[in-house]
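Below is one structure, written out as structure tokens, with a few remarks after it.
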Amino acid sequence: MRILGIETSCDETAASVLEDGRLLSNVVQSQAIHGGFGGVVPEIASRAHIKAIVPIMREALRDAGADLESIDAVAVTLGPGLIGALIVGVSFVKSLCFATGKPVVGVDHVEAHVSATHLSFGEIGEPFLSLVASGGHTHLFLVEDGLKMSLVGATRDDAAGEAFDKVARMLGLPYPGGPEIDRAAEAGRPDAIDFPRPVIDKAYDFSFSGLKTAVRYYVDGLEGRVSPGMLSDIAASFQEAVVDVLVHKTISAAAAVSAGTISAVGGVASNSRLRARLEEAGREAGLRVLLPPPEFCTDNGAIIAEAGYLMMKAGGRTDLSASPYSTRLYERVNIA
Ligand SMILES: Nc1ncnc2c1ncn2[C@@H]1O[C@H](COP(=O)(O)OP(=O)(O)OP(=O)(O)O)[C@@H](O)[C@H]1O
Ligand SMILES: [Mg+2]
């Protein structure tokens with residue numbers, strides 16, 4: 243089965259062709275224009291998707307050596323995300339499928355992030371715990387039978403990626419801030435500043451706004467005198483605090499749901515320190531640790547096609563009245 247995957251939920255226009263779980267092409271165009279605004283401007287994102295969507299799809303087909311006729315189904319992100327951006331991808335795919343008679347598979351973007359695990363490692367063969375840490379989500383899911391997901395924990399306020407982006411902005415680093423902090427932290431000391439580790443009562447939920455505020459007070463206290471060495475120390479110490487919490491909660495949640503395998507996905511899962519610490523902590527806890535390569539962690543069309551493939555294998559189809567959605571509440575699993 244050959245699936246075309248289309249992604250437009252935020253500031254990446256992406257298309258990919260996947261054949262029976264095997265990647266034939268993966269084209270991602272990131273909208274650099276938002277850099278100058280310090281964050282994604284929704285209307286600019288929608289306009290940029292309109293411009294890019296046909297050329298990006300054509301490029302993905304060309305890279306795959308495929309034509310539209312040879313595609314069996316088209317998967318598209320329905321949500322969550324920026325509604326105007328989603329409308330571009332969903333309307334485009336619906337029109338394409340209306341004209342060609344091909345089936346549409348509407349995909350949840352967060353489920354698609356999780357499916358980077360299957361895309362990278364094939365059938366997992368057992369229930370696993372997945373940390374989704376991205377620009378809009380910090381969620382822990384128990385994943386069973388393909389893509390059946392139950393929520394184990396979630397952020398109460400900022401997502402991890404959002405905290406990275408906001409702290410980067412305080413330090414005068416450009417958007418997106420996560421990769422900038424990751425790079426700046428290489429030269430810094432992770433124990434230079436003792437930022438709080440926000441471990442809130444509810445065992446597997448997260449909170450990052452207090453940590454962000456602590457960095458804000460620290461930076462304000464420097465009154466603009468931030469040397470490059472200090473900047474690296476702040477970046478490394480902030481990153482260490484986020485990573486401590488993400489690693490601690492992921493490992494303990496895996497034990498709570500008796501999962502022997504964990505994965506980490508979403509843009510923040512491309513963070514070099516998080517990857518190293520999860521590998522180490524997972525090994526110590528006797529867990530199998532699955533970390534998809536960074537290009538499958540940030541937004542792309544391949545994870546959309548993979549999620550569509552897993553849904554179709556489970557008999558899922560979407561009709562042409564499917565609508566995009568900006569947010570979604572995931573079903574929680576009760577943990578004793
Ligand atoms: N190396 C890194 N270290 C930390 N954060 C990173 C790194 N690379 C990317 N990020 C962060 O990942 C986020 C983008 O990830 P992704 O593309 O998955 O999110 P999104 O699609 O905007 O949000 P969502 O998937 O929740 O809708 C940004 O906040 C970015 O700063
Ligand atoms: Mg995303």
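Under this note's numbering, read the sequence shown as residues 243 to 578, first letter to last. Cβ coordinates follow ideal geometry from the N, Cα and C atoms, glycine included.
Please identify the residue among the options whose C-alpha is closest to the C-alpha of residue i.
{"i": "MET299", "options": "GLY471, LEU260, VAL282, ALA501", "result": "LEU260"}
{"i": "GLU386", "options": "SER258, VAL499, ASP350, VAL487", "result": "VAL499"}
{"i": "THR540", "options": "VAL269, VAL457, ASP447", "result": "VAL269"}
{"i": "GLY278", "options": "ILE423, ARG467, ARG411, TYR567", "result": "ARG411"}
{"i": "PHE437", "options": "ALA445, SER449, VAL457", "result": "VAL457"}
{"i": "GLY452", "options": "ALA501, GLU422, GLY502, ASP399", "result": "ASP399"}
{"i": "GLU556", "options": "LEU328, LEU389, PHE538", "result": "Residue 556 is actually Ala in this sequence, not Glu. It is LEU389 whose Cα lies nearest to the Cα of ALA556."}
{"i": "THR319", "options": "ASN542, ASN576, GLY364, ILE577", "result": "ASN542"}
{"i": "THR397", "options": "LYS336, MET554, VAL484", "result": "VAL484"}
{"i": "ILE493", "options": "GLU522, GLY466, ASP475", "result": "GLU522"}
{"i": "ILE248", "options": "GLY280, LEU303, ASP262", "result": "LEU303"}
{"i": "GLN200", "options": "ALA501, PRO440, THR255, LEU371", "result": "Given a span of 243 to 578 for the chain in the structure shown, any question on residue 200 remains unanswerable."}
{"i": "ALA497", "options": "SER514, MET472, GLY524", "result": "GLY524"}
{"i": "GLY414", "options": "GLY280, LEU562, GLY263", "result": "GLY280"}
{"i": "GLY307", "options": "ALA294, TYR572, SER267", "result": "SER267"}
For residue i, which residues in the same chain have their Cβ closer than 7 Å to its Cβ, ignoring the five residues on either side in sequence?
{"i": "ILE292", "result": "VAL330"}
{"i": "HIS379", "result": "VAL352, ALA401, GLY508"}
{"i": "HIS360", "result": "ILE366, GLU548, LEU552"}
{"i": "VAL510", "result": "ALA375, SER376, ALA402, GLY403, PHE406, GLY420, LEU516"}
Tell me which residues share the same chain as residue i and place their Cβ nearer than 6 Å to its Cβ, disregarding the 5 neighbours each side in the sequence.
{"i": "ASP253", "result": "GLN273, HIS276, VAL282, ALA287"}
{"i": "ALA427", "result": "ALA477, ALA478, GLN481"}
{"i": "ILE245", "result": "LEU260, ALA315, ALA317, ALA547, GLY550, TYR551"}
{"i": "PHE448", "result": "THR380, THR397"}
{"i": "LEU382", "result": "LEU373, VAL394, GLY395, TYR446, ALA495"}
In this structure, how does DSSP classify residue i when only helix, strand and coil are distinguished?
{"i": "GLN271", "result": "strand"}
{"i": "THR582", "result": "With the chain running from 243 to 578 in the structure shown, residue 582 is simply not present."}
{"i": "GLU368", "result": "coil"}
{"i": "LYS336", "result": "helix"}
{"i": "ILE577", "result": "coil"}
{"i": "VAL441", "result": "coil"}
{"i": "ARG530", "result": "strand"}
{"i": "GLU254", "result": "strand"}
{"i": "ARG570", "result": "coil"}
{"i": "MET243", "result": "coil"}
{"i": "GLY331", "result": "helix"}
{"i": "THR319", "result": "strand"}
{"i": "ALA434", "result": "coil"}
{"i": "GLY348", "result": "strand"}
{"i": "LEU389", "result": "coil"}
{"i": "VAL259", "result": "strand"}
{"i": "GLU579", "result": "One cannot answer for residue 579 here, as it falls past the ends of the chain, which runs 243 to 578."}
For ligand 2, is there a heavy atom less than 7 Å away from the beta-carbon of residue i?
{"i": "HIS291", "result": "no"}
{"i": "ALA351", "result": "Correcting the residue identity first, residue 351 is His in this sequence and not Ala. True, at least one ligand heavy atom lies under 7 Å from that Cβ."}
{"i": "GLY331", "result": "no"}
{"i": "HIS355", "result": "yes"}
{"i": "CYS339", "result": "no"}
{"i": "GLY377", "result": "yes"}
{"i": "GLY508", "result": "yes"}
Quick check: does the Cβ of residue i come within less than 7 Å of any heavy atom belonging to ligand 1?
{"i": "ILE423", "result": "yes"}
{"i": "GLY277", "result": "no"}
{"i": "ASP462", "result": "no"}
{"i": "PRO566", "result": "no"}
{"i": "SER587", "result": "Since the displayed the chain opens at 243 and closes at 578, residue 587 lies outside it and no answer follows."}
{"i": "PHE448", "result": "no"}
{"i": "ASP400", "result": "no"}
{"i": "GLU521", "result": "no"}
{"i": "THR540", "result": "yes"}
{"i": "GLU404", "result": "yes"}
{"i": "PRO322", "result": "yes"}
{"i": "GLY419", "result": "yes"}
Could you pull out every residue in the same chain whose Cβ sits closer than 8 Å to the Cβ of residue i, ignoring the five residues on either side in sequence?
{"i": "GLY321", "result": "SER251, LEU328, ASP350, HIS351, PRO566, TYR567, SER568, THR569, ARG570"}
{"i": "GLY263", "result": "HIS360, LEU361, GLY364, GLU548, TYR551"}
{"i": "LYS344", "result": "ILE313, ASP314, ALA315, VAL316, LEU338"}
Query raised in the report: How do the segment 531-538 and the segment 500-512 stand: do at least 3 beta-carbon pairs fall below 8 Å, yes or no?
Result: With the cut-off at 8 Å, the segment 531-538 and the segment 500-512 touch.
Query raised in the report: So, do the segment 537-552 and the segment 354-367 have three or more beta carbon pairs nearer to each other than 8 Å?
Result: Output reads yes: the segment 354-367 touches the segment 537-552.
Query raised in the report: Using 8 Å as the threshold, is the segment 554-571 in touch with the segment 321-328, meaning 3 or more CB pairs across them?
Result: Of all C-beta pairs linking the segment 554-571 to the segment 321-328, three or more are shorter than 8 Å, placing the two stretches in contact.
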